[in-house]
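Residue numbers (the working numbering), protein chains in the order written: chain U, 6 to 536; chain B, 3 to 304.
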């Protein structure tokens, strides 16, 4: 009431003083956004999928929030701390109301955890974040989470689960899609969803945090990059994500359009098989006889890394939209080590190392990779083949559809072992849990303990393993982080895998709109604001 | 009693036919495509001599040369007359080598499909009855699917590689040949000379090969020509869709497809020149095939 009075007053003043509308006031309070994809459901517990999760943060809050670099921020829990080695306490925010007017309390947290783990037919369940945890209500505004083993990442897990009103614990996914149950505590309310056409959300005036700047936001899914650019230029939308690389130079030159770029945490890497069990058919001598993997020798792994011209790939293939990488995290992102730099192209040194390792005459190598899964993946592989061939490793490339690739990559070899000697793949840390890449890719494969499921090249260093496990048991997160960074440095210096580059994510908007972008390549609408 | 072979020889040797043949071959509509085809075939055969660089040798190709405009000089000093593609290959060399790949694929697959088609078609026509019905239903089923769809499924199963593309294209095409040869052969089958041959006690194999085949083959020659052009296009389409030849050894189709990514950013030459070459090849073969039909059709050449 008061707000709309002020607005009317401002309008009257503007008109009567003859100012009219200046360029910044051309911006309506209704923002139109074109995204490359739309969520598969409005049920925040239906599918653990990047696009679903980033949209859910508009309508719902979790106990813990994340900023653009996945640092943790207070959400529906205003603070949290470990009570002992096995228990975390979350102190809940008071006076928070759901969009339907219901008050938020500890009961809603319990209900949300329960529902998130048990949505029927979920393609990828949120149960992974609630597994092994016991939730206990201390009082209306206090929750305790306990586990059997000490776990410093419970706050990270709690940042993944949207809190719903306990009244809707038995609501179906359909109830959320139609809007019957979709009441959160987030900065926006869900107005309507027409799948394939649009999503409409409007400001929650009672939001507990900083109120959104837009009265409402309309989201249109536009799959094709060039069409998104055209929609922005034509003024149909105010903001787009994932600018097609070919359109970028044009948009950057154009008046009235701002472009935002940031190095994302999406990493492209090369992995080299480093045991001779089994000998694979993808490394051979020049008579096509399979030989034991030369990459058991660290000098050969380093030679390959030095033979790859990452800057040329960035300039010539990625149109400047990649940043050469020397580790999992880009600068500014959790787990980044300032001591690790991307290898600088040095083919002469590569040849020297090959000669030292006894491979002066080279050998034949087949590198496998997906086609169409990562930006320019096949062309990057082609460039790598050129670069390796020119230092004496006669390289051929085999690309295949992503679904086929990942299956063979993980279990296509004898005894369901990983099939390839050399393969290119990608990784992005979804949950922001700092030990995640180490646990998945670097730790020795120990299936029953959940370690090394993505370790497909046989890298194993007991010292690194111990550091990863120790860090994961430290309730003091900053101390744990130091341990992880040390483990990362040790593994990267041994070329446990070869980071190639981080992709650079892009957004574009009409002048006067700004986006607080970070290491996440998905779009968070509440980071879009007026300049 | 003359067998089929000598009937054709007689026909070709007759003075009247020689005249028709000469008149037809000297027409510009025949001569131009023939010369063009000879040129294209020459390019393909002598590719290693004609091409300025070897676009398949990864030790020479460098991405530092990528997307040079036509006429610019590459890192190793060679002038890229038609520019370079996204991977730094000289487009002119890539066209010459790509033509080779495209022609090998088209001709080999046509030869295999033709052989299989003739065998199936003749057996169906000669034996008739249940065998004919069975074989022709297989042909019906095959022909009811679009060729490109079958080829896509096959390549998804077989994997990548030139040999696999050839197999897929042969499987896609044999049914058409079988249907055509059966139609002609079934007419010939009822003629008196076949009846005479079987009353004479000749075995079925001899009748089929020596009598039925030579008299049923002329429509196939035309069809095979046109199908070759068609299979060049299918191979181009498959490579364009990314399931054809390996990425480091592009055919004309994969060159066009690679260039497609850059067409909006102004590097037209990667798509344009291979496209022109594909168009010229397919058009030349098609026009030639049409002329061949005129020449071989006795009613039209009178």
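Where is the CB? At the ideal position from N, CA and C, for every residue including glycine.
All values reported here derive from a predicted model rather than from experimental measurement.
Proximity winner among the options, relative to residue i (alpha-carbon distances)
i, options, result
"residue 244 of chain B", "B:123, B:263, B:226", "B:263"
"residue 230 of chain B", "B:20, B:48, B:107", "B:107"
"residue 260 of chain U", "U:246, U:239, U:270", "U:239"
"residue 153 of chain B", "B:235, B:127, B:179, B:121", "B:235"
"residue 180 of chain U", "U:278, U:79, U:48", "U:48"
"residue 226 of chain U", "U:235, U:194, U:234, U:203", "U:203"
"residue 41 of chain B", "B:69, B:98, B:21, B:23", "B:98"
"residue 4 of chain U", "U:465, U:283, U:518", "For chain U, the structure presents residues 6 to 536; residue 4 of chain U sits outside this window and is missing."
"residue 216 of chain B", "B:184, B:246, B:201", "B:184"
"residue 327 of chain U", "U:361, U:382, U:155, U:51", "U:382"
"residue 65 of chain B", "B:208, B:77, B:55", "B:77"
"residue 525 of chain U", "U:263, U:427, U:271, U:314", "U:271"
"residue 207 of chain U", "U:194, U:498, U:415", "U:194"
"residue 493 of chain U", "U:451, U:334, U:318, U:41", "U:334"
"residue 288 of chain B", "B:35, B:17, B:28, B:29", "B:35"
"residue 279 of chain B", "B:82, B:131, B:100", "B:100"
"residue 462 of chain U", "U:392, U:282, U:291, U:391", "U:282"
"residue 247 of chain U", "U:380, U:421, U:111", "U:380"
"residue 37 of chain B", "B:285, B:295, B:299", "B:285"
"residue 107 of chain U", "U:187, U:533, U:412", "U:187"
"residue 198 of chain U", "U:211, U:361, U:183", "U:183"
"residue 390 of chain U", "U:369, U:410, U:405", "U:369"
"residue 47 of chain B", "B:167, B:164, B:105, B:291", "B:105"
"residue 120 of chain U", "U:76, U:172, U:69, U:109", "U:172"
The ligand MG heavy atom lying under 7 Å from the CB of residue i
i, result
"residue 60 of chain U", "Ligands displayed in this structure: none; no statement on the ligand MG is therefore possible."
Rounded Cβ spacing between residue i and residue j (contact assumed at less than 8 Å)
i, j, result
"residue 396 of chain U", "residue 359 of chain U", "7 Å"
"residue 489 of chain U", "residue 340 of chain U", "6 Å"
"residue 507 of chain U", "residue 269 of chain U", "6 Å"
"residue 510 of chain U", "residue 243 of chain U", "That pair is no contact at about 18 Å."
"residue 297 of chain B", "residue 26 of chain B", "5 Å"
"residue 69 of chain B", "residue 269 of chain B", "5 Å"
Beta-carbon proximity check, residue i vs residue j, cutoff 8 Å
i, j, result
"residue 191 of chain U", "residue 209 of chain U", "yes"
"residue 473 of chain U", "residue 445 of chain U", "no"
"residue 169 of chain U", "residue 189 of chain U", "yes"
"residue 222 of chain U", "residue 67 of chain U", "no"
"residue 322 of chain U", "residue 385 of chain U", "yes"
"residue 505 of chain U", "residue 273 of chain U", "yes"
"residue 531 of chain U", "residue 94 of chain U", "no"
"residue 123 of chain B", "residue 179 of chain B", "yes"
"residue 256 of chain B", "residue 233 of chain B", "no"
"residue 164 of chain U", "residue 522 of chain U", "no"
"residue 377 of chain U", "residue 407 of chain U", "yes"
"residue 171 of chain B", "residue 251 of chain B", "no"
"residue 65 of chain U", "residue 127 of chain U", "no"
"residue 355 of chain U", "residue 427 of chain U", "no"
"residue 55 of chain U", "residue 527 of chain U", "yes"
"residue 53 of chain U", "residue 129 of chain U", "yes"
"residue 89 of chain B", "residue 387 of chain U", "yes"
"residue 315 of chain U", "residue 350 of chain U", "yes"
"residue 224 of chain U", "residue 237 of chain U", "no"
"residue 128 of chain B", "residue 210 of chain B", "yes"
Proximity test, Cβ basis, 8 Å: residue i and chain A
i, result
"residue 424 of chain U", "The structure shown contains no chain A; its protein chains are U and B."
Q | Sequence ranges, beta strand (DSSP E) only - wholly within the region 58-105 of chain U, length at least 3 | A | Entirely contained in the region 58-105 of chain U, the beta strand (DSSP E) runs reaching 3 residues are, in chain order, 69-71, 77-79, 82-89, 92-97.
**Q.** Residue ranges of each beta strand (DSSP E) within the region 138-202 of chain U, 3 or longer
**A.** For the region 138-202 of chain U, whole beta strand (DSSP E) runs of length 3 or above, ordered along the chain, are 139-144, 147-151, 193-199.
(Q) List, from N- to C-terminal side, the alpha helix (DSSP H) runs of 4 residues or more that fit wholly inside the region 192-278 of chain U. (A) The qualifying runs are 230-239, 253-258.
Q. Along the region 345-378 of chain U, what residues have a CB closer than 8 Å to any CB found in chain B?
A. Against chain B - using a Cβ distance shorter than 8 Å - the residues of the region 345-378 of chain U are 376, 377.
Q: Please list the residues of the region 64-82 of chain B that have a C-beta atom closer than 7 Å to any C-beta atom in chain U, keeping them in chain order.
A: For the region 64-82 of chain B, the beta-carbon criterion of a distance under 7 Å to any beta-carbon of chain U is satisfied by 64, 65, 66, 68.
Q.
If the cut-off is 7 Å on Cβ atoms, which residues from the region 314-336 of chain U count as contacting chain B, listed in chain order?
A. Identification of residues in the region 314-336 of chain U having a C-beta nearer than 7 Å to some C-beta of chain B yields 317, 321, 322, given in sequence order.
Q: May I ask you to list, following chain order, the residues of the region 263-277 of chain B that have a beta carbon less than 8 Å from some beta carbon of chain U?
A: Closer than 8 Å at the C-beta level to chain U, one finds these residues of the region 263-277 of chain B: 263, 264, 266, 267.
Q) If you scan the region 243-286 of chain B from start to end, which runs of the alpha helix (DSSP H) of 4 or more residues do you find wholly inside it? A) Runs of the alpha helix (DSSP H) lying entirely within the region 243-286 of chain B, each at least 4 residues long, are 254-262 in chain order.
Q) Just by C-beta distance, which residues in the region 238-257 of chain U are closer than 7 Å to chain B? A) So the close ones are 251.
Q: With 7 Å as the limit, tell me which residues of the region 382-397 of chain U have their beta carbon closer than that to any beta carbon of chain B; keep them in chain order.
A: Residues passing the 7 Å Cβ filter: 383, 384, 387, 388, 390, 391, 394, 395.
Q: Kindly provide the ranges of any beta strand (DSSP E) runs that are 3 or more residues long and lie completely inside the region 380-456 of chain U, ordered along the chain.
A: Here the runs fully enclosed are 398-405, 427-432.
Q) In chain order, which beta strand (DSSP E) runs of at least 3 residues are fully inside the region 21-70 of chain B? A) Listed in chain order, nothing qualifies, since the region 21-70 of chain B has no complete beta strand (DSSP E) run of 3 or more residues.
**Q.** Inside the region 69-153 of chain B only - alpha helix (DSSP H) runs reaching at least 4 residues
**A.** Correct list: 93-129, 131-146.
Q) Which runs of the alpha helix (DSSP H), 4 residues or longer, sit entirely within the region 315-390 of chain U? A) Under the rule that a run must span 4 or more residues, the alpha helix (DSSP H) segments found entirely inside the region 315-390 of chain U read 352-361.
**Q.** Any beta strand (DSSP E) of 3 or more consecutive residues that is wholly inside the region 464-495 of chain U
**A.** Here no run is fully enclosed.
Q. For the region 402-424 of chain U, which residues have a CB atom closer than 8 Å to at least one CB atom of chain B, in sequence order?
A. Here the close residues are 402, 403, 404, 405, 406.
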